[in-house]
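Be aware that the sequence shown starts at 110, since it is given in our numbering, and climbs by one per residue.
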Amino acid sequence: MEGLTVAYDSTVRDADGSLIQFLYGEDGLDVTKQKYLTDFAFILQNVTSEAAQLRYNPSVGESLGSDRKAFSRYMKNAIKHAKARDKSVKDPLIAKVNPATHAFATSENFHTAMTEYLTRNSDGLVRDKDSKPGQGYQGLNRKNAEMLFAMKYLRSLVEPGEAVGIVAGQSVGEPSTQMTLNTFHLAGHSAKNVTLGIPRLREILMTASRDISTPSMTLYPITELSFQDAEVFAKSISVLRLEQILDSVDVEERFGNGKLFEMAKIYQIGLRFFPSDEYMGTYGISVSDLMGTVERKFLRTVLTLLKKETKKRQAPRSLATPVIGTKAGVVEVAAPRTENGALGGEDSDDAGDDDATDAKRRANRAEAVSYGPNDEEDDAVQREGERDALAGEIEFHGSGGTPPPAPESRTDGSEDEAADEMQGAPSWSARARMERVIDAYVEVTDFQSDEYGGRWCSMTLEFDFSTPKVLVLNVVQEAVRKTVVQQINGVGSCSLVVDEKGSRMIHTAGVNIKAMQQYTDLIDPNRIQTNDIGAILAAYGVEACRNNVMRELSGVFESHGIKVDNRHLNLIADYMTRNGSFTAFSRMGLKGNISPFTKMSFETTLAFLKDAVLDGDWDDLATPSGRLVIGRLGRVGTGGFDVLTQLPMS
C-alpha cells in the first residue's frame, strides 16, 4: 500500500495509476483535520481566527455556493429515501459532485449535523432573523454561518499527494503491537468461540485464509418468531449426535452355535434412548429418523471399527499360543443348544440339527462370508432364501439369536408397557427394517427396533470363533460418539442468545450460508453475518466481501479497546479486493505489482530477481520502494511535486 496517494481529482490511485477509491474514505476528509469539524459552537466562538485561517470572504462564498439550495434539496431527498429503505435510493451527493471543487457538497452526516445545530441554536451563537445586527459573535446570521461551515469542510479535505496508503498501514500496524499474541474469545457462550488478536489479524491480512480456524455465523430470527420457536430452530440446525439422545448401552458377548458359523462369537448390542417426546420436541427429529440413523450410519460405523480393530489384532502366523485377553460387557459362555432346547456337549450329533430354512440361510450367508463378495445373481438368490426363511418367523427370538437385554425395573406403568413391548412380536415396519438390515450387512443376524415408542433397538452380530478378541463395548461407545443423527454440512453447535439491547441472535459454530438462505421464513436473510470472509465472497460477491473485511478488522481492534478510523479500514479493504477477489499482504499478493524492485525488497529476493530476468521485466521507478533502491526520493507526500525557481542570470 506504500504507493497509494490522493490524486488531484480526489481519487486514490496506486503507483501504476490504477484506481483504488473514487473518494478517499468515502467522504474525502483528512483524518487529522476532522476532529473539530462538527463542533460548530467551537468554530463560532473562535470565529475571528477561523475566518482568518479560512480566508473567509462573503463575496467569494457567494460564488462558491451558487448551487447551495440545489445541493441542500438533493441531500434532504436522498436522506429521506435512505431512512425509508426505498428501493429507488439515491447516490450520495459527493458521489456525483467533487467536494474539492464545490462548496456545500458535503457528506450527509455533516449536512444533517449542521442543519440540526442551526435549527436548535441552543447557545445563541447564530443571529436569528428578528435579531438586530451586531448581536452575538460578529452578528453572523444563518446564511453566513452555513457558508463558514462549508468552507471549514472544504479546507478539511485531504490534500492531493497525501500518502494515505502509508498512513493506513501505520495506523493499523502500531496499535497491533498492543494486542495479545494468542486470543480465543468465547464471547459469552461456548458456541461463539472466535479467534481474535494477532492470530485473527494474520488470518485476514497476511494470509487471506479461506479456511479459518474458528468459523462462525450470527443469524437474526424474524420478529414474528417466538423465543421458544427460535430456540427450537437453533437446536434443529445444530449437529445432533447419537450420544446426545442415548440413555444407556448394553453389550453382551457369548460363544455358541450361530446362524453363520457352527461355533461363533455372538455380540448382542442394545441401545436404550431417552423418551421420544423429549428428543422429538427438543431436536425436531422423528422416531423414523432415529431408527434410520441406527440402520444406515451406526451399524456401518460399528462394523467398520470392528474390522479395523480385528485387523490390528491379527497375529502373525506362528505356533505360539494366542493370548486370551479380558472383555467388556456381560459375558455368557453357552454350549450349543439342540432343537428341543437341551444342552449338548461338544460331541453331540444334534448340535447342528436346525430346521431346513435356517440351515439354508446359514449356508448361503456362510458362503458369502467365506468366499468374498457375490455377483448380482448370487445376491438375488441369497436375498430370496433369506426372505423365505423369515416368512415363517413370528416371534421376537430367531433361531440361534438372543433376546435384547431386559430393561431395568421401573415403577411407573409406562415403562412396564415398554418392557412388555420389547418382549412382543415385531411390527410390520420393524420386520421390514430388519430385512433391510440383514440384507445390507452380512455380519448382522438379527435387528429389532421400537418403531412406535422410539425407546430402544437391539442388534445381533456374529463372527467366526477364530476372530481375534476385540473390546466391543469400547467400539460401540466410539461409534455412538461418531454417529450423527442430523447435521447441516459445515455447521456445528448453535445457541440462541439475547444481547444487552434485547436483540435475539443465533450463534453457530461453522458456516453454511447457502443452507441458511433456505430458512427465510425463520431468519432475516439480509442480516446473516459471518467471520468467514471467503464464504461471503463466494455467496454475495466482492462488495460484500469488502464490507466484511472492514467489519472484521474493526471488531478485532474494538475487542482490545483500540479505535482505528474507518477511513484507514476502508482503504485496506478496497486494496485487498481491488482485483475482484480477496488477496493478502504477502509475496503471493505482490505478484501483480508492477515493480520488480518492490517485490524483491519484500521477500525471496532471488526468486523475484530470477523471474524478472527470465521474463525481461523492467522497473520504471514509480513505487517508493523501487526509488529507494537506487537512492531516489519517493513520489508521495512532499516528494509528489517539484518546486521550480528562477535562477539569477549572470
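Cβ coordinates follow ideal geometry from the N, Cα and C atoms, glycine included.
Computed from a predicted model, the values in this text were never measured in an experiment.
C-alpha gap between LEU163 and GLY670, whole angstroms | Working through the sequence shown from its first residue, we reach residue 163 at position 54. Working through the sequence shown from its first residue, we reach residue 670 at position 561. Using only the alpha carbons, I get a separation of about 36 angstroms.
Assigned secondary structure, VAL360 (DSSP; H/G/I helix, E/B strand, else coil) | Numbered from its first residue, the sequence shown carries residue 360 at position 251. The answer is strand: DSSP assigns VAL360 an E or B state.
Do you know offhand how far THR694's Cα is from THR316's?
-> Counting from one through the sequence shown, the residue named residue 694 turns up at place 585. Counting from one through the sequence shown, the residue named residue 316 turns up at place 207. Here residue 694 turns out to be Phe, not Thr, going by the sequence shown. In a straight line, the C-alpha of PHE694 is about 7 angstroms away from that of THR316.
Give the DSSP-derived three-state secondary structure of HIS211 in the structure shown.
-> One-based indexing of the sequence shown puts residue 211 at position 102. HIS211 falls in the coil class under three-state DSSP.
Which whole-angstrom value describes the C-beta separation of GLU217 and ALA187, a residue pair presumed to lie in contact below a C-beta threshold of 8 angstroms?
-> Looking up residue 217 in the sequence shown gives position 108. Looking up residue 187 in the sequence shown gives position 78. Indeed they touch by this definition, with Cβ atoms about 7 angstroms apart.
Quick one: grab the DSSP three-state call for TYR376.
-> As a first step, residue 376 is located in the sequence shown; it is residue number 267 there, counting from the start. In the three-state scheme derived from DSSP, where H, G and I count as helix and E and B as strand, TYR376 is classed as strand.
LEU646 - containing alpha helix (DSSP H), residue span = The count along the sequence shown starts at 1 and reaches residue 646 at position 537. In the DSSP assignment, LEU646 falls within the unbroken alpha helix (DSSP H) covering 642-649.
Return the CA-CA distance between PRO513 and THR569, expressed in angstroms with no decimal places.
-> Walking along the sequence shown from the start, residue 513 turns up at place 404. Walking along the sequence shown from the start, residue 569 turns up at place 460. Reliability fails at PRO513, whose pLDDT of 40 lies under 50, so the model's placement of it is uncertain and the value that follows must be treated cautiously. Rounded to whole angstroms, PRO513 to THR569 spans 9 angstroms at the Cα level.
Closest residue to TYR392 among PRO384, LYS417 and VAL341 (Cα-Cα distance) = Working through the sequence shown from its first residue, we reach residue 392 at position 283. That would be VAL341, whose Cα lies nearest to the Cα of TYR392.
Measuring CB to CB, does ASP139 end up less than 9 angstroms from VAL267?
-> The count along the sequence shown starts at 1 and reaches residue 139 at position 30. The count along the sequence shown starts at 1 and reaches residue 267 at position 158. For ASP139 and VAL267, yes; Cβs fall inside 9 angstroms.
Name the residue from LEU715, PRO733, LEU742 and GLY643 whose alpha carbon lies nearest to the alpha carbon of GLU312.
-> Counting from 1 along the sequence shown, the entry for residue 312 is found at position 203. For the residues LEU715, PRO733, LEU742 and GLY643, the minimum Cα distance to GLU312 belongs to GLY643.
Tell me, please, which residues DSSP counts as bridged to GLY689.
-> As a working mapping, residue 689 is identified with position 580 in the sequence shown. In the DSSP secondary-structure assignment, GLY689 is not bridged to any residue.
Sufficient close CB pairs (3 or more, under 8 angstroms) joining the region 347-366 to the region 625-633 | No, they do not touch.
Just grab the DSSP bridge partners of ARG236 for me.
-> Start at 1 with the first residue of the sequence shown, and residue 236 comes out as number 127. Answer is ASN250.
Run through DSSP, which three-state label would HIS61 get?
-> This structure cannot speak to residue 61, because the chain is shown only from 110 to 759.
Cut-off 6 angstroms between Cβ atoms - residues of its own chain near ILE354, not counting five sequence neighbours on either side = Against the sequence shown, residue 354 aligns to sequence position 245. Answer for ILE354: PHE382, PHE383 and TYR388, listed in chain order.
Under 9 angstroms, do ASP125 and ILE681 count as touching if we go by C-beta distance?
-> Walking along the sequence shown from the start, residue 125 turns up at place 16. Walking along the sequence shown from the start, residue 681 turns up at place 572. Not in contact: ASP125 and ILE681 (Cβ atoms no closer than 9 angstroms).
Residue nearest to PHE407 in terms of C-alpha spacing, selected from GLU362, TYR145, LEU351 and ALA272 | Mapped onto the sequence shown, residue 407 falls at position 298. For PHE407, the closest C-alpha among the options GLU362, TYR145, LEU351 and ALA272 is that of LEU351.
Does the pairing of the region 571-591 with the region 606-619 give three or more beta-carbon distances under 8 angstroms?
-> Not touching, per the Cβ criterion.
To which residues does DSSP link CYS654 through a beta bridge?
-> Within the sequence shown, the letter at position 545 stands for residue 654. Beta-bridge pairing links CYS654 to no other residue.
Identity of the residues DSSP links to ILE152 by a beta bridge = For the purposes of this step, residue 152 is taken as the residue at position 43 of the sequence shown. ILE152 pairs with nothing; no bridge assigned.
On the three-state DSSP scale, how would you describe MET315?
-> Working through the sequence shown from its first residue, we reach residue 315 at position 206. For MET315, the secondary structure class from DSSP, reduced to helix, strand or coil, is helix.
Could you check the C-alpha separation between LYS420 and GLU552 for me, to the nearest Å?
-> By one-based count along the sequence shown, residue 420 stands at place 311. By one-based count along the sequence shown, residue 552 stands at place 443. Straight-line Cα distance between these residues: approximately 16 angstroms.
Member of GLU225, ALA343, ARG676 and SER538 whose CA lies at the smallest distance from the CA of VAL396 | On the sequence shown, residue 396 is found 287 positions in, with the first residue counted as 1. Per the Cα distances, SER538.
Through-space distance from VAL594 to ASP398, alpha-carbon basis | Counting from one through the sequence shown, the residue named residue 398 turns up at place 289. Counting from one through the sequence shown, the residue named residue 594 turns up at place 485. In a straight line, the C-alpha of ASP398 is about 7 angstroms away from that of VAL594.
Where TYR226 falls, given that 16 or more other Cβ within 10 Å makes a residue buried | Here residue 226 is taken as the residue at index 117 of the sequence shown, counted from 1. Its Cβ being crowded by 16 or more others within 10 Å, TYR226 is buried.
Can you name the start and end residues of the alpha helix (DSSP H) that MET389 belongs to?
-> Residue mapping note: residue 389 aligns to position 280 of the sequence shown, counting from 1. Taken as a continuous stretch (DSSP letters only), the alpha helix (DSSP H) holding MET389 covers 385-392.
Which two residues bound the contiguous beta strand (DSSP E) that contains HIS616?
-> By 1-based counting over the sequence shown, the position of residue 616 is 507. 613-619 is the span of the beta strand (DSSP E), which, as asked, contains HIS616.
Sequence-distant residues of its chain with Cβ nearer than 8 angstroms to ASN679 (five each side left out) | On the sequence shown, position 570 is the one that residue 679 refers to. Hits under 8 angstroms: GLN130, GLY134, GLU135 and MET659.
Along the alpha helix (DSSP H) that carries GLU283, what are the first and last residues, could you check?
-> Locating residue 283 in the sequence shown gives position 174, where the first residue counts as 1. 273-285 is the extent of the alpha helix (DSSP H) around GLU283.
Within this structure, are the beta carbons of ALA204 and LEU263 separated by less than 9 angstroms?
-> Locating residue 204 in the sequence shown gives position 95, counting from the first residue. Locating residue 263 in the sequence shown gives position 154, counting from the first residue. Not closer than 9 angstroms, so no.
Of all the options MET260, LYS591 and ASP641, which has the alpha carbon lying nearest to the alpha carbon of VAL156?
-> Mapped onto the sequence shown, residue 156 falls at position 47. Answer by Cα proximity: MET260.
Cβ neighbours of TYR165 in the same chain (closer than 8 angstroms, five flanking residues each side left out) | Counting from 1 along the sequence shown, the entry for residue 165 is found at position 56. The answer, listed in chain order, is GLU159, MET256, LEU257 and MET260.
Candidates PHE151, ASN207, ILE152 and LEU756: closest to ASP118 by CA position | For this step, residue 118 is matched to residue 9 along the sequence shown. Cα-wise, what sits closest to ASP118 is ASN207.
Is it buried or exposed for SER127, if we count other Cβ within 10 angstroms and need 16 for buried?
-> On the sequence shown, residue 127 is found 18 positions in, with the first residue counted as 1. Classification of SER127: exposed, given that the 10 Å Cβ count is below 16.
Helix or strand or just coil, what does DSSP make of MET223?
-> Within the sequence shown, residue 223 is the residue found at index 114, counting from 1. Helix, per DSSP.
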